[in-house]
Amino acid sequence: MEHRKKVIIGGFAGSGSSAVVDLLSEVEGHYTLGREFRLTNDPDGIIDLEHSLLDSWSPYKSDMALKRFDSFITRLGTKNKYPYINQNFTKTFTKDFIRLSKEYINNLKAFSYCGIWVGINNPYTRFLKKLYKYIKFPIEKRLPQIHIAYPEEDFFYITRDYLESLIKASS
-6 MEHRKKVIIG GFAGSGSSAV VDLLSEVEGH YTLGREFRLT NDPDGIIDLE
44 HSLLDSWSPY KSDMALKRFD SFITRLGTKN KYPYINQNFT KTFTKDFIRL
94 SKEYINNLKA FSYCGIWVGI NNPYTRFLKK LYKYIKFPIE KRLPQIHIAY
144 PEEDFFYITR DYLESLIKAS S
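Residue 60 in this note's numbering sits at position 67 of the sequence shown; the count goes up by one each step and never skips.
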């Protein structure tokens, strides 16, 4: 399986990509997931992650892209989680889907730290900042994690290894 070429089927709504998956499932000697591969094309998927981490990198886009991808895999890996009803990639890739996806995210991170920026600020963090300002209440460990991924060519190697591990887990 390691040395065989892989074809990822993912199309636009109503384009017939599901028919291609069904057709390939009928061909002897070909392995399919039995469904479209949502991880690449869908919003907050790998293509959006690549764009945010390589094409238009900033520390804030890096943080948001990793958090959105994490949320995306959680929705895909959970049975009947809107908007991915009946997708449940945990069933397609076994229970390792979430674990392998979290490892992928960690491999993309250069570092993380506790802090806030406007894009992740909320009433709770504003309250903590006021506590700190007025009574010097230690807030560092209560702040959300900010994740930084440097724009680098390793993205493609890390992503290839992630996809290979998912395919290996599903076979």
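For glycine and all other residues, C-beta sits at the position ideal for the given N, C-alpha and C.
Beta-ladder partner(s) of Ser187, from DSSP = In this structure the chain extends from -6 to 164, so residue 187 is not present and cannot be described.
inquiry  = Could you tell me the alpha carbon to alpha carbon distance between Asp89 and Asn99, rounded to whole angstroms?
reply    = 15 Å
request  = Keeping to the same chain, check which residues put their C-beta closer than 7 Å to that of Ile39; ignore five residues upstream and five downstream.
outcome  = Leu32, Thr33 and Thr152
task = State yes or no: is the C-beta of Ser66 within less than 8 Å of the C-beta of Ser105?
result = Here the sequence assigns Ile to residue 66, which means Ser is not the residue at that position. No, the pair does not count as a contact, with Cβ atoms beyond the cut-off.
message = What does DSSP give as the partner residue(s) for Phe104 in the beta ladder?
response = Ile141
ask   = Would DSSP call Ile109 helix, strand or coil?
value = coil
inquiry  = Helix, strand or coil for Ile35? Go by DSSP, reduced to three states.
reply    = Here residue 35 turns out to be Asp, not Ile, going by the sequence shown. Three-state result, Asp35: coil.
task = Look at the alpha carbon of Asp63 and the alpha carbon of Ser11, and state the distance between them as a whole number of angstroms.
result = 25 Å
query = Can you tell which of Ala103, Arg92, Lys95 and Phe30 has the C-alpha that lies nearest to the C-alpha of Pro52?
reply = Ala103
query = Quick one, are the C-beta atoms of Thr87 and Ser163 less than 8 Å apart?
reply = yes
task = With DSSP as the reference, label Phe30 as helix, strand or coil.
result = coil
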